[in-house]
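Using mature numbering (1 follows the signal peptide of the UniProt record, and there is no 0), the letters of the sequence shown map in sequence onto residues -27 to -1, 1 to 1221. Think of the CB as a built atom: it goes at the ideal place given N, C-alpha and C, for glycine as much as any other residue.
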Amino acid sequence: MSTNKSTLIFISFLVLLLLCAVSSTNAQCQWEYYDENTVMCVVKNIDATLGLDLSPAEGRSKLTIKCSDSVYQESRLPRNVFSRLKSIKELKINECKLLELNDSIFYGLNSLQKLSINTKNLEWGVSKILNVHPYSMNGLKELEMLDMSDSNIISLPENFLCPMTNLKLFNLTRNRIRSTNSLGLVNKTCSSALEIDTLDLSFNEIELIPENWGIAKLRRLAHLYLQFNNISKLSGESFAGLHSLSVLNLSYNFLDTLPDNLLAGSRELHEIHLQGNQLYELPRGLFHRLEQLLVLDLSRNQLSSHDVDETTFAGLIRLVILNLAHNAVTRISAGTFKELYFLQILDLRNNSIGFIEEGTFLPVYNLHTLNLAENRLHTLNDRIFAGLFVLEKLTLNNNLINIIEPNVFKNCSDLKELDLSSNQLTDVPEALQDLSVLKTLDLGENQITTFANGSFRGLNQLTGLRLIDNQIENITVGMLYDLPRLSVLNVAKNKIQNIEHGAFDNNKNIEAIRLDNNFLSDINGIFATLPSLLWLNLAENHLTWFDYAFVPSNLKWLDIHGNYIESLGNYYKLQEQIKIKTLDASHNRMTEIGPMNIPNSVELIFINNNHISTIHPNTFVDKINLARVDLYANALNKLQLHQLRIAPSPSHKALPEFYLGGNPFECDCTMEWLQRVNNMTSRQHPKIMDLSNIECIMPHARGEPIRAVSKLEPKDFLCSYEKHCFALCHCCDFDACDCKQTCPHNCSCYHDQTWGTNIVDCGNQKTYNMPKRIPMDATEVYLDGNDFPLLEAQVFIGRKNLRALYVNNSNIASIQNRTFSGLPSLELLHLEDNRIQKLFGYEFENLTHLKELYLHNNHITFIDNNTFGSLVSLEIIRIDGNRLTSLPYWQFQATFMRQLNSVSLGRNNWSCRCRNLQELTSFVVDYAVIIQDSQDIYCVDGNINRELDFNVTSVCSDFYAGSSVLQSALTNNYLSLLIIALITICLLLLIVILFVFREPLRVWLFAHYGVRIFGPPCEESEKLYDVVLFHSAKDADFVVRSIGTELENGRPPVRLCLQHRDVTSDAAYRQLLDTAQASQPDVLLETEIDAELLPYLKIKTISRIRRTDRNFYERLRYALPVQVQYRGNNYTIDHHEHHERIKQPISPGIMYRQAPPPAYCPEIDEANYSSATTATPSPRPNRRATIEAIHRPPSEHIYSSIDSDYSTLECENMMAGTHRPMTWRNNGNNHAANHIPPNGPPVQAYLV
């Protein structure tokens, strides 16, 4: 028992699920109910898998299933979806993208009479074709109308129509059927007869209609529509068997000829439409025996007069409408229409007809409309329209008619409409007088210059006369006298200069007159007596004066635009009598309008494109019917709100529409209402319709001098002032008054309506001095374009309302502490394009409300960490275009500046050092949303700008790691200190090098240039020897033979004392020292460190020279005395042998180089001339005025390095204060030469 209960619960659960599924299926349709019999199911697309519940349509007769036109998804009709809709008689399936109609898909619709399937598959795609199964229409025996248009069908299966035995109308228009064999009629095998009455195949792609295409099986077919296909060829048997055919439409195809027997079997035809083809001939007898034909349309083909003759329409005795327009017919013969007794409408327009034979229209005596427009007729003779007794409308416009014979319309007594426009008539035809019932006459676009009185005699019924675009110059009394019922007169585009008073006195019924585009200059007294006149057009004339008294009081529509009227006069104040509702006075020369210039009855008034600069108060107050006022393109520059005041408008009525664009409005503080006028609730002011097109000339033209009103704010409407003192201000008589507003000298000042905006503009003056007495209530101050190298402290103090300050482009180099102190409301600060170099942190203190700060294009190299610390409200900052290398980026983070949304950092010299590069890259990546110029941010490595690599933020890339600390120091502006340090180091290194290598340097300079650096002072010339050479005994032979011989025989010779030659070998150490004292320098020649030479190394004045030195001879020459004096005697110290040197004369004429005078030579001390103990004393030389050369033989060995490169120098005797030139003279006497000691003390040298 429990098992059965569980099973029952499970089944109930499944039923609930099924019901839920059904309910979800029902959700496909959104039902719309129109009446008790009509419902519509609106669905996105039909999904066969979900099913389609149509139960709400049960019991109803009309059902429409409409899919979404924007969804391109396939729809599928579920099987048996219509099985329960027994009562449906009309079914429409619209815009559902069906690709298939399965067999028996409409099963259950036994009562269906009308079926429409319009899938519009072609919108989805060319390949989305609707495929129809052969038995898809099974069960539709009661179906009378099947519409499958616009479904992208290309073919129908055989026997498709068999189930629909009662079908009357089959519509296949707007598909893609290309062949008539695709209609399923050729091989139809069902025995049941088809009752189709109408077959519509228009707008398909059919190219050929052959014989035996199955159409003959439709015995009852009466209407066949084949228009707008691609048919180019027909068979003679194409319509064979269609005996019931009544309407055949083959228009707008590509037919150029027709078979002779095409219509032989269709004698019941009533309408044949062949227009829009390419027919150039018609077979004879084509329309023979079509006695029931009523309409024949052959227009828009290529038929000529050869194809339209007396046999063409023979037998069409019941033809009512014949259309031959837009062909190539040139003439009409008399028998062309001989059997068309019932013809009523004949259209021959747009041919080339130049001749119509007399009696042509005699057979068509029932004709009431004849159109011969756009042909080539020249003359209308008396017999051309003979027999047209009932003709009511005759159209002859656009011909070449210049002659109309007097009796041409004598038989057209019933003519009511005649159009003779666009011909070559020069006067009003006399033949018109026979048209007593004529209603409208069109003579426009001719060449009529005048018409005499009586030209319209007999036209008592004429109501409309059109004479536009002729050459008429005047209208006189009597010209229109014979037209008592004239209602509409059009004489526009003529040359009328004058209208006589009383010209319209007999035209009391006239209602509309067109006189535009003439040359009228005065209308006074012409129209005022026309009580019925409602419509008057006087535009484009030469009127200069207008008054409402010139027009009748009942006039409703008046157009006077394009004249030279300066004022709408109302001399008699006819405000209440005038009934004008529409007034067009645009394009005139009016300068002002007031209440009396506009009638109270006006609804629409156009006064645009005038010169109106003034609108008087209450101009529109009494115009209770006012709907539109067009004041566009005038000269209004100031407009007060009360000038546009209107009568109070009830809430159910729309406010009048005003158009004010195109005026040069100067939007000062009195124009602030313009922006809010459409939001007023008083309903006493109009609605400005073109507010978005109104532009203002701004009084304070900073930025855009002309701005759209829609983009303005109330604070932008400004008035200028020089001085202003508020009503509650009690110190206006004093200079130091905070509540008195005084504009500084050479500045411009502006304020808004409430003084909430106070602008002081002192910019672009190139002044060096800050303006004095800037108003304390100033909200915007412009100081740009000046020259303020220094912004002093507290220069803006007290301006508590200042919100914007412009000090850009003012050559500012420095900002003092507390410069912006006392500006608590400052929101905008412009300091760009200056020469600011450093920000030390105190510049922007207390600017807690600052939102925008512009510092770009300065020379800033340093920004202190506290510079932006107080700018907690900052939203925009620009520091691009400076010389910054690093920046405290943390100041711009959200924790410090929560409102910041725009930062510009580009075009700076950001350092490429590792740490700075990491910070910069991370900041740019993290705040990419607010950084505006990331493409201009780069780091500078030397002179190279390197782009940032935003993919590397944690470590330095190899590309930038090569930057040295030195380069970074350079970018940190320590270049000057670095240069000084480098120079100091180089100098110290140079000094050390010179000190270490001082001796070789001295030798080198002396050897190459003869220059002694720190050489010995002037030496004593009275010494016994020039040089004493100490040397080892091992070197005696070398010294005596080489050095001694060279020096003693050189030029000049040197007095040598050689240790092992001129001094006894047993001389004591003390004796050698005495010998050294008897010479100028001492030289120690060193080859080996002998023990015997060690004591001499202690002598500080001895020069040591190594024999192995590379520059031996240069060092030896340097160690010799500065100037060697040559004497006649030479004493040699020798124990064993006395050698007397014989001085030989040198070659005559040789002159030795003169030495420069020394700066100072000290007095010679006689004590210095003591001889050595063992040596023979040398006689004391005498001082001479000149120094003579001593002749001596040349040396045996010549050393160019000594002999030629160096010359000895002689110190002049400066004792007497005179300069004595040093010369060498040839002298045969052997005597001692005077010697002037060299500069400096004697120097002892070792020749090593």
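Do residue 497 and residue 466 count as a contact pair if the criterion is CB distance below 8 Å?
no
Look up residue 588 in the DSSP assignment and say whether it is helix, strand or coil.
strand
May I ask whether a heavy atom of the ligand SAM can be found less than 7 Å away from the beta carbon of residue 85?
Absence of the ligand SAM is noted for the structure shown, with no ligands found whatsoever.
Specify, as a first and last residue, the run of the alpha helix (DSSP H) that residue 957 falls within.
Secondary structure note for residue 957: its alpha helix (DSSP H) is the uninterrupted segment 948 to 969.
Counting C-beta neighbours from all protein chains within 10 Å, is the total for residue 178 16 or more, i.e. buried, or is it exposed?
exposed
Cβ neighbours of residue 758 in the same chain (closer than 6 Å, five flanking residues each side left out)
Only 736, 737 and 782 meet the Cβ criterion.
Compare the beta carbon distance of residue 246 and residue 270 with 8 Å and say whether it is the shorter of the two.
yes
Just list the residues that DSSP pairs residue 888 with in beta bridges.
Looking at the DSSP assignment, residue 888 forms no beta bridge with any residue, so it has no partner.
Can you check whether the CB of residue 151 is closer than 8 Å to the CB of residue 115?
no
Alpha-carbon spacing of residue 593 relative to residue 853, whole angstroms:
In this structure, the CA atom of residue 593 is about 57 Å from the CA atom of residue 853.
Answer with buried or exposed for residue 186, where buried requires no fewer than 16 other C-beta atoms within 10 angstroms of its C-beta.
buried
Within the continuous alpha helix (DSSP H) that includes residue 1092, where are the two ends?
1085 to 1092
Runs of 3 residues minimum, wholly inside the segment 104 to 158: which ones carry the beta strand (DSSP E) assignment?
Correct list: 118 to 120 and 142 to 144.
Does the pairing of the segment 834 to 844 with the segment 784 to 792 give three or more beta-carbon distances under 8 Å?
The segment 784 to 792 and the segment 834 to 844 do not touch, with fewer than three beta-carbon pairs separated by less than 8 Å.
Between the CA atoms of residue 600 and residue 612 - distance to the nearest angstrom:
20 Å
On the DSSP bridge assignment, give the partners of residue 1000 in chain order.
The partner list for residue 1000 (beta bridge, DSSP) reads 1029.
In whole angstroms, what separates the C-alpha of residue 1133 from that of residue 1092?
Because the pLDDT at residue 1133 is just 34, under 50, the model does not fix this residue reliably, and the value given afterwards should be weighed accordingly. About 21 Å.
Name the residue from 33, 268, 10 and 830 whose alpha carbon lies nearest to the alpha carbon of residue 296.
268
Meets three-Cβ-pair contact criterion under 8 Å: the segment 649 to 668 and the segment 689 to 698
no
Skipping 5 residues on each side, what residues in its chain have a beta carbon closer than 6 Å to that of residue 881?
855 and 857
Less than 8 Å between the beta carbons of residue 416 and residue 394, yes or no?
yes
Among residues of its own chain, excluding the 5 on either side of residue 126, which ones have a beta-carbon nearer than 6 Å to its beta-carbon?
Excluding sequence neighbours, residue 126 sits near 103 and 148.
May I ask you to list the residues that DSSP assigns as paired with residue 779?
755 and 803
Using only the alpha-carbon positions, how far apart do residue 170 and residue 191 sit?
8 Å
Give the DSSP-derived three-state secondary structure of residue 3 in the structure shown.
strand
With the cut-off set at 8 Å, would you say residue 763 and residue 802 are in Cβ contact?
no
Hey, how far is the Cα of residue 1000 from the Cα of residue 959?
40 Å
Please classify residue 745 as buried or exposed, where buried requires at least 16 other C-beta atoms within 10 Å of its C-beta.
Burial call: exposed.
Verify whether the separation of the beta carbon atoms of residue 1224 and residue 608 is less than 8 Å.
A question about residue 1224 goes unanswered here, because the residues of the chain that appear run from -27 up to 1221.
Which of helix, strand or coil DSSP assigns to residue 522
helix
Please name the residue, chosen from 323, 42 and 49, that lies closest to residue 371 on a Cα-to-Cα basis.
When 323, 42 and 49 are compared, the shortest CA-CA separation from residue 371 is found for 323.
How would you label residue 864, buried or exposed, when you count the other beta carbons within 10 angstroms and need 16 or more for buried?
It is buried - the Cβ of residue 864 has at least 16 other Cβ atoms within 10 Å.
Please identify the residue among 1005, 275 and 482 whose C-alpha is closest to the C-alpha of residue 1236.
Only positions -27 to 1221 of the chain appear in the structure, and residue 1236 is not among them; the question remains open.
Take residue 262 and list the residues in its own chain whose beta-carbon comes closer than 7 Å to its own, dropping the five residues that flank it on each side.
So the list reads 240 and 288, once near-sequence residues are dropped.
Per the DSSP calculation, residue 48 is bridged to which residue(s)?
71
With 16 as the cutoff for other CB atoms within 10 Å, does residue 883 come out buried or exposed?
By the 10 Å Cβ count, residue 883 comes out buried.
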